[in-house]
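Participant:
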Amino acid sequence: MTNTIIHMEGIKKHFGNVIALNGVTFDVSSGECHCLLGDNGAGKSTFIKTMSGVHKPTEGTITFEGKPLSFSSPRDAMEAGIATVFQDLAMIPLMSVTRNFFMGREPTKGRGLLKRFDVDAANEICMEEMRKMGINLRAPDQAVGTLSGGERQTVAIARAVYFGAKVLILDEPTSALGVRQTSNVLSTIDRVRGQGIGVVFISHNVRHAMAVGDRFTVLNRGQTLGTAKKDEITSAELQDLMAGGQELAKLEGSLGGTI
Amino acid sequence: MTSNAESTSDERVKSESLVTKFMKRPELGAMGGVILVTIFFYMTADSTMFTLSGTMNFMTPAAQLGILGIAAAMLMIGGEFDLSIGSMIAFAGMIFGVLTVNFGLPLILAIPLTLGAAASVGAVNGTIVIRTGLPSFIVTLAGLFILRGVSLVGLKLFSGGSTQLRGVRDALEGDPLIEIFSGDAFESLFSYLASIGMVETFKNGASKVPGIPVEILWFILLAAVATYVLLRTPVGNWIFATGGDSNAASNSGVPVKKVKISLFMLTAMAAALVAIITVIDAGSTDARRGFMKEFEAIITAVIGGCLLTGGYGSAIGAFFGAIIFGMVTIGLTYTNFDQDWFQVFLGGMLLLAVVFNNVIRKRVTGEH
Ligand SMILES: Nc1ncnc2c1ncn2[C@@H]1O[C@H](COP(=O)(O)OP(=O)(O)OP(=O)(O)O)[C@@H](O)[C@H]1O
Ligand SMILES: [Mg+2]
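Chains as they are written, first to last, in the working numbering: chain E, 1 to 259; chain S, 1001 to 1368.
1. Could you tell me whether any Cβ in chain S is nearer than 9 angstroms to the Cβ of E:Val119?
2. What's the C-alpha gap between E:Ala90 and E:Met103?
3. Less than 9 angstroms separating the beta-carbons of E:Gly43 and E:Asn3?
4. Could you give the DSSP three-state label for E:Glu124: helix, strand or coil?
5. Kindly list, in the order they appear in chain E, the residues whose Cβ is closer than 9 angstroms to that of S:Ala1241.
6. Thinking S:Gly1311 and S:Gly1304 are a contact (beta carbons under 8 angstroms), I'd like their distance in whole angstroms, please.
7. In angstroms with no decimal places, state the Cα-to-Cα distance between E:Glu9 and S:Arg1361.
8. Please classify S:Ile1299 as buried or exposed, where buried requires at least 16 neighbouring CB atoms within 10 angstroms.
9. Based on DSSP bridge pairs, tell me the residues matched to E:Phe15.
10. Output needed for E:Ala156: all residues of its chain with C-beta closer than 8 angstroms, excluding positions within five of it in sequence on either side, in chain order.
11. At a cut-off of 8 angstroms, is E:Ser278 close to ligand 2 when judged by its beta-carbon and the heavy atoms of the ligand?
12. If the cut-off is 7 angstroms on Cβ atoms, which residues from the region 65-91 of chain E count as contacting chain S, listed in chain order?
13. Counting only Cβ pairs nearer than 7 angstroms, list the residues of chain B close to E:Val54.
14. Following a CB-centred definition, is E:Ser45 positioned closer than 8 angstroms to any heavy atom of ligand 2?
15. At which residues does the beta strand (DSSP E) containing S:Ala1301 begin and terminate?
16. Taking 9 angstroms as the threshold (beta carbon to beta carbon), is S:Thr1008 in contact with chain E?
17. Check whether the Cβ of E:His34 lies closer than 8 angstroms to any heavy atom of ligand 1, and answer yes or no.
18. At what residues does the alpha helix (DSSP H) containing E:His55 begin and finish?
19. Step through the CB atoms of chain E and report whether any lies within less than 9 angstroms of the CB of S:Asn1204.
20. Find the residues of chain S that neighbour E:Gly150, judging by a C-beta separation of less than 9 angstroms, and give them in chain order.
21. What does the alpha-carbon distance come out to for the pair S:Glu1294 and S:Ala1071?
22. Give a yes or no on contact between the region 193-208 of chain E and the region 165-180 of chain E, applying the rule of three or more CB pairs nearer than 8 angstroms.
23. Taking the alpha-carbon positions, what's the E:His14 to S:Trp1238 distance?
24. Can you look up E:Gln181 in the DSSP assignment and give me helix, strand or coil?
25. Who does E:Arg131 pair with in a DSSP beta bridge?
26. Does S:Arg1131 have its Cβ less than 9 angstroms from a Cβ in chain E?
27. Rounded to the nearest angstrom, what separates S:Leu1075 and E:Tyr162 at their Cα positions?
28. Output yes if chain S places a C-beta closer than 9 angstroms to the C-beta of E:Gly145; else output no.
29. May I ask you to list, following chain order, the residues of the region 13-41 of chain E that have a beta carbon less than 8 angstroms from some beta carbon of chain S?
30. So is E:Ala249 in contact with chain S if we call contact Cβ pairs under 9 angstroms?
31. Determine the chain S residues that contact E:Thr108 at a beta-carbon separation under 7 angstroms, and present them in chain order.
32. Suppose the cutoff is 7 angstroms on Cβ atoms and the five residues either side in sequence are ignored; what does the same chain contact list for S:Gly1079 look like?
33. Could one say the Cβ of E:Lys44 lies closer than 9 angstroms to chain S's Cβ atoms, at least one of them?
34. Indicate whether the contact test is met: 3 or more Cβ pairs, each with one atom in the region 1054-1061 of chain S and one in the region 1327-1337 of chain S, closer than 8 angstroms.
35. I'd like to know whether the C-beta atoms of S:Ser1087 and S:Leu1134 end up nearer to each other than 9 angstroms.
36. Identify the continuous alpha helix (DSSP H) that holds S:Ala1226 and give its terminal residues.
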């Protein structure tokens, strides 16, 4: 029943003389959660940015729903139904929660010259979506700058979930979240997957990845180390792969298996 | 401990009164400033300052500056500056003068052509800023000199060696559009009000104020439209987002480049509008037109609550900022103070506004 939404083949990305990605192949099917794992600097964020239209790959092809495609801006990717929670969240502290939530995709009412930002509808949707994620906003016109780090992350996630029609990309969405919000995010991933959306989930936390992932791809220094299905791999093996193998095995001895 | 996730109220917020809500608005400082300046002149100036004709006296320069200031405020909210708008007034004035005097074009052609020329220069400014990633401050500083120089050379060329081009009024005699860009509006209303004694009259019974100078109407219209766009349209949201963090905005699907280029075009066209109105009014144009106006426009925007770092501010604030400016410039002539205190006053206001805005910003973002 695999129904591939987006397929990325041999993606390379160079920043000047820095080779951030050196041939990464990756795909997401509808109704699955594909986890992308790897150490700091492995190239995970760079890779998902080529998927969400922020970066143009130096080399490689993107196939979206069977057709070759090249996104020339994040707006293109969004219009295709790809929503992303970026690691830096893409939030504007001086703007209100609602204005951030709908940034670039404001709901409108009226026609022609009278076409305007439907602030009331926007406020209502925003409050409601945040409530679903377990956060009660004080007011929708509260500036994002006054939110806690985790609350900001939740706004970014709620926004992506709301707009992610086909593919939802989450770059370390749970790094600043508390227990309740983390389980909320994980169950949200499960929920949207059930709706047939393909989820790309980046995390350093193997336990979180194992909890929701269907497939796991490990990146190391810009290259794919391989992809495994959920029942083909244990969390200890994933852990090892992420760290590039042997070093962690040595560390593990001295730390007594606590990582 | 109980979870409050389902309840709709949060016990961790004190309810916010309308007053504290208002305290977070960017235009607060400028409105307070208008009140303070009014009180100051009420106590020190001749009482004729606040009569109808006195009000028109300070509102006219306020409006001319305000048209620029509102556009500059929108650009500043979008995260950029335009130092070339003062010189743009001279440049657009030259284009307009040449089109009407040398080519004899009617307003229906001369105005769109002048606005179009200005908009193209704005688009070039914007494109250079975006392509190079250089600060707009430095790119438009170059524009400040280039446009001033081009205006000088152009005027000499078309006027036969002088830096002034006369005869605009004669060239436009009887043009049907002239009423929209020069003179006074609502003249019949004012003469009616004079006839029933509602407004001050001269001895012969004519109203002392013939009507509302058109620039004041343009100023009010622009403030209203700009406020509406900023607060109630998607484009307004894009402008705030672009100035707040252009990278985050772009990643969220805001067409940042288009927004910035459009704002540069807007400021240039605002300068051209001021040029058209003032050139028709004076009947001539010269190369010194708009001198230092870029700084005055930026000061207006800052007094109006715009942050120099972008992403925050208001058009209505710039509206009040311009009124403060007009009141201080003209108001001093109604007092016994030396008029040259003006610049001291201005610098002081600017400093106060910047400090005040900084406090407001911290309050909005919750920093301490
Ligand atoms: N715009 C850029 N210019 C130059 N180098 C870059 C740029 N973006 C990323 N890199 C480099 O590419 C490499 C991969 O970075 P990336 O952010 O994709 O890592 P990551 O796997 O997301 O790491 P983390 O887990 O810390 O988020 C890094 O070495 C980084 O320095
Ligand atoms: Mg990353």
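The C-beta atom is built at its ideal place from N, Cα and C for all residues, glycine as well.
Note that the structure is a prediction, hence the values are computed from the model and not measured.
Facilitator: On the basis of the coordinates in this document:
1. For E:Val119, the answer is yes, since a Cβ of chain S falls inside 9 angstroms of its Cβ.
2. Approximately 10 angstroms between the Cα atoms of the pair.
3. Contact: no.
4. Helix.
5. Correct list: Ile92, Met95, Arg99, Asn100, Met103, Gly104.
6. In fact, because the Cβ distance is near 15 angstroms, the residues do not count as touching under 8 angstroms.
7. C-alpha separation (whole angstroms): 46 angstroms.
8. By the 10 Å Cβ count, S:Ile1299 comes out buried.
9. Looking at the DSSP assignment, E:Phe15 forms a beta bridge with E:Val18.
10. The beta carbon of E:Ala156 lies closer than 8 angstroms to those of Val85, Phe86, Leu89, Ala90, Met91, Pro173 in the same chain, with the five residues before and after it left out.
11. Here chain E comprises residues numbered 1 to 259, so residue 278 of chain E is not present and cannot be evaluated.
12. For the region 65-91 of chain E, the set of residues with a beta-carbon nearer than 7 angstroms to any beta-carbon of chain S comprises Pro74, Arg75, Met78, Phe86, Ala90, Met91, in chain order.
13. Within the model displayed, chain B is absent; protein chains E and S are what it includes.
14. Distances taken from the Cβ of E:Ser45 to the heavy atoms of ligand 2 include one shorter than 8 angstroms.
15. Not the beta strand (DSSP E): S:Ala1301 falls in the alpha helix (DSSP H), residues 1293-1303.
16. Bear in mind that the predicted position of S:Thr1008 carries a pLDDT of just 46, short of 50, making it too unreliable to give a figure here.
17. No, ligand 1 has no heavy atom inside 8 angstroms of this Cβ.
18. For E:His55, there is no enclosing alpha helix (DSSP H), as DSSP gives it neither H nor E.
19. By this cut-off, S:Asn1204 is not an interface position.
20. None at all; the shortest Cβ gap to chain S is about 14 angstroms.
21. Cα to Cα, the separation comes out at about 11 angstroms.
22. Result yes; three or more Cβ-Cβ pairs closer than 8 angstroms.
23. Answer to the nearest angstrom: the Cα atoms are 30 angstroms apart.
24. Look at E:Gln181 here: in three-state DSSP terms it is helix.
25. Note: E:Arg131 is not bridge-paired with any residue in the DSSP secondary-structure output.
26. Not an interface residue.
27. If I take the Cα positions, the gap works out to 31 angstroms.
28. Judged by the 9 angstroms Cβ criterion, E:Gly145 is in contact with chain S.
29. Within the region 13-41 of chain E, no residue places its CB atom closer than 8 angstroms to a CB of chain S.
30. Residue confidence is low: E:Ala249 scores 48 on pLDDT, short of 50, so the model does not pin down where it sits. Its coordinate-derived value is still stated next. Interface residue (Cβ-Cβ distance to chain S less than 9 angstroms): E:Ala249 is not classified as such.
31. Within chain S, the residues near E:Thr108 are Pro1234.
32. Apart from the 5 residues on each side of it in sequence, S:Gly1079 sits with its Cβ closer than 7 angstroms to the Cβ of Thr1242, Gly1243, Ser1246, Gly1310, Gly1311 in its chain, given in chain order.
33. No, because no Cβ of chain S sits closer than 9 angstroms to the Cβ of E:Lys44.
34. Taking one beta carbon from each stretch, the region 1054-1061 of chain S and the region 1327-1337 of chain S have 3 or more pairs nearer than 8 angstroms; the two touch.
35. For S:Ser1087 and S:Leu1134, no; Cβs fall outside 9 angstroms.
36. In the DSSP annotation of this structure, the continuous segment of the alpha helix (DSSP H) that includes S:Ala1226 starts and ends at 1214-1232.
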